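Down below is the structure, laid out as structure tokens.
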Amino acid sequence: MWHIAKRELYDNLNSLRFALAIVLLIGLMLTNAVVHLHEHPKRIQVYSDGVTEYQNHLTASADESLYRLAQKGPGDLYKKPSALRFCAEGSETDLPGQAIGGLLRWSTDRLESSWILAYPPVDTSLGNLRPDVTLVDWSFIIGYVLSLIALLFTFDSISGERERGTLRLILANAIPRHTVLIGKFLGALISLNIPFTLAILMNLLVISTSSDVHLNAEAWGRLSIIFFIALLYTCLFLALGLLVSARVQRSAVSLVILLLVWVSLVVFMPGTLAAIAGDAASPKATHGFYERSWQLHNELRDQYRSRWRQARGDSRKKIEVDGAYVSKDAEQQAHLHEERLKQQISQVNRARAITRMSPVTIVQHLFESFAGTGFERHLQFLENVKVYAREYREFVLDTDKADPESLHIIGVRAGMSQKPVSPEAVPKFEDTLNFSKDFNTAAIDLLLLTLFFVVLLSGAYLAFVRVEV
Amino acid sequence: MLTTLIRRELLDNLMTFRFAAAVFITLLLVVTNTVVLIKDYERRLAGYNDAVKMHQRQLQETKTYSAGEVYVDRPPNPLSIFNVGFDKRPGNEVKVSHGYVPSLWDADRHGSDNPFMNIFTSMDIVFIFEVVLSLLALVFAYDALAGEHERGTLRLVLTNPVRRGHILLAKYISAMLCLLVPLLMSLLFAVILLTNSAAISLNMHDFLRIGGIIFASVAYLSVFYLIGMLISAAMRRTSTALMLSMFIWGFLVLVYPNVTLAVIRRLEAPQARTASAFNQIEQIWEAFDRARKHFLATDAFPGEDWGLELRGGGSRHAYLWDDPRTLLYTYESVMNFETLGEEDEPKIPHAQNHFRFLGRLVTDTANQTWLIRKPALEDIFVKPAKVESAWLKLSPIGLYDAATQAWAGTDMLGARDFFNAVRQYRRQVINYLYDKDVFGSREWFSADKGAPDWSRFPQFSFQRVDTSINAKRALPDVSLLLMINGVLFIIIFLIFIKSEV
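Protein chains in written order, with this note's numbering: chain R, 1 to 469; chain S, 1 to 501.
This is the structure:
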């Protein structure tokens, strides 16, 4: 078996495709590294500016009074950029980088709206006239380019030998067929991995020597997982190449079939499936969102009009009604925002589930999970934000309870503690990544990928066993 | 002689597996995607219609002119099914007001769109052609000369008194005829599906535009066939020719467009340009604010309250509003009174006088800032985009994309046509406001003596540009594609003439 693998390897090392693969992969990986080194400090800058602004906002409110904290909210909460974004861009440019914690929706002479969490859409794409392209990240290089190269390495590995008549020669020796197949598979895998590993090492070398990007131990662990996923993925395409090559008499036909399969699986399936899945969902309900929001607000005001009239003259009762009104309004509006977000997310989730039929999407999802980018990561961020919002609200309530002078009516200036709060005491938002959570979301994708591989390899085995020489 | 050669080549090609596979895969991809794309278009059209209705209703319900928010919506382009281009990306609703000159960067999205769905790549028919047709062209071409050379049939053919140029021409014509079959068949199916959809009505001009797209597709196909033929002529062995063609395809289609932009993107828009333009605009609005306050301080009515202490039932607000990122700066004042008290009656002539002055001043200031804002927006947003698309055009795929976008009307200029029309409409609106002295009318701020008659208000309508303009925009890219064809053919001819059999 090793003999066959070695023979296969020597064959490949001298070929044109090996040289071209080296040039192409190294070129792509170096571009990726250089672009990342250029872009990453900028992203870090934006993030740290955002965090500073958030802290200033918080301090300013805390210095004023507890009421200000309860009314204004914590300010904009920023998503921490991942240091491994060069592995998977994960459409981060199409995802918002922050959540709005505190939005002044209305104010009257007496009352101000209480803060709610709001989720901004990405506004950069609206004014963007630049041509739309896939960014060169690892998931592109591996998902698209490496898979194509894997097919080019295997399309003639069996049919080519049969054409030249050397297959008969090999099988004349006392070697079982499965050994031949595995030998060929290993040979192709090793010869493909030489340029790939070389390119990845150069990429990491460039990235790790720079002072702008710090990769800690966890990041290296994630990178090695990503590398093994890439290996599994190339194995899948090598198996596919062997399968078709064993079934088909001529290598030219084998290549045509493989190319067409590759084009449909890798290039078209993700987009088409996403469009089909996205279409099935009905985003209609979100239409007229702001109109609905104002309508709810006005209805609530009309409801409270009579209660205000009743409370006239009784200042304590008036404050209570005001507080109920402000809290009810915030609750209603927050609910509206949550609902819209939930609808949008469920539409995207459905589309993402269906696009999993394509191996390239699986690999992209896996890369995103382990690189800490993409949609799953965004959901994690939103989860973090929600947890923080709860913590913040509880802090406000507890601090208010601790003040004996306060009437404990949240949402109204007259009903709350007027004392300034120490900024250090206010809970701070820190966006974190959770490795075990990433692993859980990735588990199904990993299983699917392995399943694809096993099916294709056993298919190749069956095809090769039954082939007539 | 030429016809004999063509017939021979044609039969050779038609009976192959790759021809059947080419027809099958192109049809499959184009038909499934067209069905999906038509559905997507119908959904966007429904969203547009909803938005138009909603905006009209909201306007009708508004009680005063100053509170009236005139929104204009951008209809989706039915030819975006062929090349989506910029049809989905810029905002599709924009507010028209005298307070600022609307541009692409002030537009917003319809409420029915899900911004998260942008994380998925959107398909269109031209994208399928870009990837599949180029691949098929290379698969047809790699053994055109090298194969005959290997089998020794080339020597056989050349023993007959045929000119080498004729052999080349025959091969080219027959292969192109074969490749046209999947192209035209799939387009035919796509057009049939389009005409069967109730939401899409194509007129004569649209068919002309589709014709332009087909022509560009043929030119693109031919470029890739000739690239394949060039490799085949230069290489002695089919396997080498095949490998080289595949890598060149991968480079031109997958790698080049993405890598170039990754490198070019480093040229970011200068921050200083944004800052200085915004500074200038800010100063103009500050001067406006001084003039406004001066008017209030010196007019016959005492006090500096912009609302002239009107105490009606309703709402009012006024503020200066800015967005430094898109250089937007505007003054908005809304007064929405349903009733006015007795004591307000003497103030009303003053209020009318004030709002007449203010309306004109705001309009003039907005027009004045546009003179600064327009070139700045060009520099900040449009220029880098133009540089990037110029770089993309170094690959035939970029040329093809640009040409089909221009034909479909979804290119950058097409996207900006809408906003030109919106600015035109704004001028109409302002003329109407001036002619009817709306700024100085009682309905501007109060509905106590009748609401405004919105049915008389100018209506917006948007027509896509003429086909001849589409043709003019597509011409440079199409002619470049044709030139590449010519150059490639001459090179192949020279190589083939000199080659030994």
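Cβ atoms here follow ideal geometry from the backbone N, Cα and C, with glycine treated the same way.
Every value quoted in this text rests on a predicted model; they were computed, and no experiment measured them.
Any beta strand (DSSP E) of 3 or more consecutive residues that is wholly inside the region 288 to 330 of chain S: 313 to 323
Presumed contact (8 Å Cβ cut-off) between D40 (chain S) and A275 (chain R), rounded CB distance: 6 Å
With a cut-off of 8 Å on the beta carbons, I'd call A107 (chain S) and L126 (chain R) a contact; round off their distance for me. 7 Å
Say whether chain S places a C-beta atom closer than 8 Å to the C-beta of A274 (chain R). yes
Within its chain, find whatever has a CB closer than 6 Å to the CB of T330 (chain S); leave out the 5 residues flanking it on each side and keep chain order. G99, Y100 and W321
D314 (chain R) - containing beta strand (DSSP E), residue span: Unbroken run through D314 (chain R): none, as it is neither H nor E.
Against chain S, with Cβ distances strictly below 8 Å, would G50 (chain R) count as a contact? no
Residue interval of the alpha helix (DSSP H) (run including Q380 (chain R)): G374 to A402
Using the beta-carbon of each residue, which ones in chain R are nearer than 7 Å to I38 (chain S)? Within chain R, no residue comes near I38 (chain S); the closest Cβ sits about 10 Å away, beyond 7 Å.
Cβ-based burial, R290 (chain S) [other Cβ within 10 Å; buried from 16]: exposed
Given this structure, state the Cα-to-Cα distance separating S264 (chain R) from L29 (chain S), to the nearest angstrom. 8 Å
Give a yes or no on whether 8 Å exceeds the smallest Cβ distance from M117 (chain S) to chain R. yes
Could you run through the region 6 to 39 of chain R and flag, in chain order, every residue whose CB is less than 7 Å away from some CB of chain S? L16, R17, L20, L24, L28, T31, V35 and H38
With a threshold of 16 other CB atoms inside 10 Å of the CB of S389 (chain S), please say whether the residue is buried or exposed. buried
Around the C-beta of W294 (chain R), are 16 or more other C-beta atoms found within 10 angstroms, so that it is buried, or is it exposed? exposed
Give, in chain order, every residue of the region 217 to 232 of chain S whose Cβ lies closer than 7 Å to some Cβ of chain R. none
Where H205 (chain S) and V429 (chain S) are concerned, what is the direct C-alpha to C-alpha distance, given to the nearest angstrom? 30 Å
Per-residue contacts from I257 (chain R) into chain S (C-beta, under 9 Å): F17 and A21
Do D417 (chain S) and V465 (chain S) have their CB atoms nearer than 8 Å? yes
Taking C-beta to C-beta, are A216 (chain S) and W407 (chain S) nearer than 8 Å? yes
Whole runs of the alpha helix (DSSP H) within the region 126 to 173 of chain R, excluding any shorter than 4 residues: 147 to 154, 159 to 164 and 166 to 172
Using the Cα positions of M493 (chain R) and M269 (chain R), report the straight-line distance between them to the nearest angstrom. Since the first residue shown for chain R is 1 and the last is 469, residue 493 (chain R) is missing from the structure and cannot be characterised.
Who pairs with K95 (chain S) in a beta bridge, going by DSSP? S:Y71
Report the rounded CA-to-CA distance for L433 (chain R) versus F375 (chain R), giving the unit in angstroms. 13 Å
Under a CB-based cut-off of 8 Å, is R130 (chain R) close to chain S? yes
Is V360 (chain R) helix, strand or coil when you go by DSSP? helix
Could you pull the start and end residues of the beta strand (DSSP E) that Q98 (chain R) belongs to? Q98 to G101
Alpha carbon to alpha carbon, how far is S186 (chain S) from Q405 (chain S)? 19 Å
Do you know offhand how far N349 (chain R)'s Cα is from L37 (chain S)'s? 20 Å
Considering only the beta carbon of each residue, do D445 (chain R) and H365 (chain R) sit closer than 8 Å? yes
Hey, is the region 174 to 189 of chain S in contact with the region 365 to 375 of chain S, meaning 3+ C-beta pairs nearer than 8 Å? no
Skipping 5 residues on each side, what residues in its chain have a beta carbon closer than 7 Å to that of M416 (chain R)? L66, Y67, A70, D400, S406, I409 and I410
Just to confirm, are A88 (chain R) and S157 (chain R) a CB contact at a threshold of 8 Å? no
Any C-beta of chain S sitting closer than 8 Å to the C-beta of G143 (chain R)? no
Proximal residues, the region 447 to 463 of chain R versus chain S, C-beta separation under 9 Å: none
What does the alpha-carbon distance come out to for the pair T441 (chain R) and I229 (chain R)? 15 Å
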